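Position one of the sequence shown corresponds to residue 731 (my numbering), numbered consecutively onward.
Yeah, the Cβ is synthetic: ideal placement off N, Cα and C, and Gly gets one too.
From a predicted model like this one, the values you see are computed outputs, not experimental measurements.
Quick notes on the structure that follows.
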Amino acid sequence: EYQTVILGALLHDIGKMLQRGSFGLLDTKGQHPQVSSDFVSAFRNFFSNFIDFDLFQTLVQRHHEDARFFKDNLLCQNAPEEYRALSYLVSRADNYSSSERGRKSDDYQDYKETPMVSVFSRIKLDKEHPQLHRYHPNILAPENTFPEEFDLYRDNELNNHLQKFGEDFRKIEKDAKKSNLHDFDAMFPNILTILAKYAWCIPSNTQEEIPDVSLFDHLKTTCAIAACLYRYHSPTFKEKEIKEDKTDKFLLLVGDLSGIQKYIFNITHIGAGGVAKRLRARSFQLNIISEIISHKILHAFSLPLANILMVSGGKFYILLPNLKDSYEKIVSLKKDIDFWFYKNLNAEINLNIATMSLSGSDFRNYSDVMKKINQLLQRTKNRPFESILIDSGLWKHSATSLNIDFEHEEKLCKACNKFPGQQQEDGKFICKRCTDDKEIGQKLPKIKYIAFYEKDLGEFKDYLGYSFDLLGNMKHIKPDAYLVMNIEEPVLDCRLPVMHRFTANYVSTFISENDCDACKEGGNCSEKDHAIVGQPKYFECIANESNGRKMLGYLKADVDNLGAVFAFGLQENNSISRISTLSRMLDTFFSGYMQKLIEGNYPELYTVYSGGDDILVIGPWDSIVNFAVELNDEFNRFTCNNKNLTLSTGIAFVKHNYPVFHAVEMADNALDLSKDMGKDRLNLFGQTLKWDEAPDVIHECERLAKWIEQKQVSSGFVRNLLIYSWMNNEFNSTRKTEFLRFLPLMTYDIARNLPSANDKNPEKRDIREWAEDIKDLKSRKLKHLGIIANYALTANRGGKNE
């Protein structure tokens, strides 16, 4: 019965998508609940393998209560008595998801011609929102998720989309029949995947003024709410209590891992396993731990995957039922998780958890709920490991003593200097966690699937009592996997619990055994002849792909004012389904599109992490500069060029062997500087510029770099420009006229070192004209002269003569 309710809630509004078609099975008439019923009836044999079909059909057909808008055979109150309470349950879940008190009819406007509007179109803080942008119907793929300005669908494009949906659903049905499948737990993630694949771009309510909520998010959140209501009202299921909206029947839980950055980047010895392999592995490992914690909580409450509302970047939101023992369960889980971090990671990582009780009516202002629960979360961050360190209100002294016996210092792990190590073939001692880092790092470039197990069946064991495998194909997935996460294009296989999740894990790898021979710096490279095809490139190799100085660029970027965007950006239109659409689409950009953009246009880059609303990548210094500009351009295109949604970016430039932790700190500081100057900016070489200035400034950088390379401008002259830039900046910040001395100094320098304005060579005249323009105090060149000069010098130093 519980599984039937979950599936009924998940597919209750599938008719909203299918009633737009006009072919074969889907050439149906009537209101969407009737179309939903017709659809599930067409697949009766398939669904009957997993659930009570009669109840299931009733739930998808009778999930409305307002007789003004829906026919008698579509109303909860007219459902058979034995199903009526559960029909109300799905109806309430539907209403809470969309935060609507009543439904409007589907027949007073042409819903078939109404595309889904991008939720980014309506975000408004202190600037006007842009013209509405809409999505063409297409399968969920990063390149398909960019909205465009149009009003109506092209001929047959929606029909073709629905045709593909029907074909995929028939494939699931066929595979299930062929395998004699009766496993609901295997089938459910596949249904989630096919809905995400096709319903992400279909509006859940075409009668809204701005239909910007994805049908997928509405179905998923309805399912989550219905699962909680079922658990809360079981076993009595009294209609009056189900319809009561003021009782706190729900708990929203938010979890957030602290200490992530220090743990990821604090790699003490570069040579022990290779920092390039281990860095991405550590970031990936923490994402896996975050996933496993979410799964552990779901399993404790017997809830479906739909109840994980959001998960990304070490943070997750889960909707739970507010049962008598819910808090007790959460406290127990938190204690177990704290102990695992304390024992296995020396308490470097801490899980912060906050919970907030909700009633059905609270879903009407879900942004306010998000704001309050995140305030509660901030308070818990002041009490890390409370369950370990405090007992009955007293300090637990034994918890601060080392719980690991070290035989002697020589056997300490050479990679982390924290745990006892096992001796490797090269004689070095490496601990289990760092061994996992290395092995995960080797596998990551080639994996397509992550298989999770509740027992130690996977290759990577002892993760909070769970384990996982990293696999390149489905053949090696063990039958005991409770979830198989497909991290590339959505794949359906109802024999296994396969669910799609975008993951940005691209790293630059060795393509050929001859990569070292092809490298211009191969003769000076300490990693020469260490290339292994398919494995991540060493940071020295990545730096050697730079022009000029052989340096790495560390780029860190995130979305500005995101808390305000979620709290206020949607004004009063802030249902849980709309917030879910906003969050999922942001993650699609950073987890999905970034993977595609980097792999296609910047294969020399190394993704440390990208997901949620932020990104950290490493690459050749000049590639990183170009990537920064394209990243911002694509983010703007993705978010409808909405000026209320902006990106700030900081870049640090370092040598390949510079400690990673400090390099990331430098990028962090650069990001902070870009935000301190007003956000929506890029900071590099210690200076900040607005994004609309960036293309022109980089063009000037490249011009000056070319003149140095052609020996038409000397490096000494450009180094003097750095001094003049500093003096100009000091004048602008202090208004002390003594710093204006740079003007006569620069005038003299230009006259002495550059060609005449009357030179017969037009290119030389361009150089002089360019330099004369710098003398204008209002010149953009002068404003960003430090960036221009630094870039040009960096582009012309390096290699064997550095």
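Using DSSP with H/G/I as helix, E/B as strand and the rest coil, what is residue i?
i     : result
K842  : helix
N1082 : strand
P933  : strand
S1444 : coil
Y1323 : helix
H1514 : coil
L1075 : coil
L911  : coil
S817  : helix
S766  : helix
F1046 : strand
F1232 : coil
V1355 : helix
A794  : As written in the sequence, residue 794 is His, which differs from the Ala given in the question. Three-state result, H794: strand.
P1051 : strand
S848  : coil
I1120 : strand
M1407 : coil
F1365 : helix
Just how far apart, CA to CA, sit residue i and residue j?
i     : j     : result
I1381 : L1346 : 10 Å
S1020 : F1046 : 8 Å
S1117 : K1065 : 6 Å
P1389 : Q991  : 14 Å
V720  : Y1096 : The structure shown does not extend to residue 720, since the chain is modelled only from 731 through 1532, so no value can be given for it.
L987  : F1320 : 19 Å
P1220 : A1435 : 45 Å
D1166 : P1227 : 25 Å
D1496 : I1480 : 13 Å
F799  : N825  : 15 Å
T1464 : T1311 : 47 Å
N1304 : D784  : 35 Å
G896  : D1426 : 49 Å
L1124 : L1292 : 39 Å
L1187 : E795  : 48 Å
Are residue i and residue j close, meaning C-beta to C-beta below 8 Å?
i     : j     : result
I1170 : F1014 : yes
V1384 : L1282 : yes
S934  : D743  : yes
N1371 : P860  : yes
S828  : S1307 : yes
L1081 : I1067 : yes
T1376 : D1290 : yes
G989  : E1078 : yes
V1005 : D942  : no
L1414 : W1421 : no
P1034 : A1084 : no
S1056 : L1119 : no
A954  : A1036 : yes
L1201 : F1182 : no
M1457 : F1472 : yes
DSSP puts residue i in a beta bridge; with which residues?
i     : result
L1285 : V1347, I1381
A1181 : D1199, V1214
N1413 : G1380, T1418
P867  : Looking at the DSSP assignment, P867 forms no beta bridge with any residue, so it has no partner.
E878  : R864
Q1152 : I1160
T1239 : P1266
S1089 : D978
T1337 : V1347
L1451 : DSSP lists no partner for L1451.
I1038 : I1048
Shorter than 8 Å from the beta carbon of residue i to some beta carbon of chain D?
i    : result
D898 : As a matter of chain content, chain D is missing from the structure shown, which is built from one protein chain.
Let me check you understand the geometry: is the CB of residue i closer than 7 Å to at least one non-hydrogen atom of the ligand HEM?
i     : result
K1065 : As presented, the structure is devoid of all ligands, the ligand HEM included, so that no description of it is given.
Q.
Under 8 Å: do the region 1426-1435 and the region 1512-1526 share three or more Cβ pairs, one atom per stretch?
A. Cβ pair count under 8 Å is three or more, so yes.
**Q.** Sufficient close CB pairs (3 or more, under 8 Å) joining the region 1272-1287 to the region 907-917
**A.** No, the region 1272-1287 does not touch the region 907-917.
Q: Decide yes or no for the touch test of the region 864-883 against the region 1331-1349: beta carbon pairs closer than 8 Å, at least 3 of them.
A: No contact exists between the region 864-883 and the region 1331-1349.
Q. Should the region 816-829 be regarded as contacting the region 782-794, the criterion being three or more beta carbon pairs within less than 8 Å?
A. Cβ pair count under 8 Å is three or more, so yes.
Q. Any contact of the region 1324-1331 with the region 1228-1243, i.e. 3+ C-beta pairs under 8 Å?
A. Segments in contact, yes.
**Q.** Contact the region 1437-1455 vs the region 1480-1493: 3+ CB pairs below 8 Å
**A.** Verdict: yes, contact present.
Q. Counting Cβ pairs, one atom from each stretch, are 3 or more of them under 8 Å apart for the region 1264-1280 and the region 1358-1369?
A. Touching, no.
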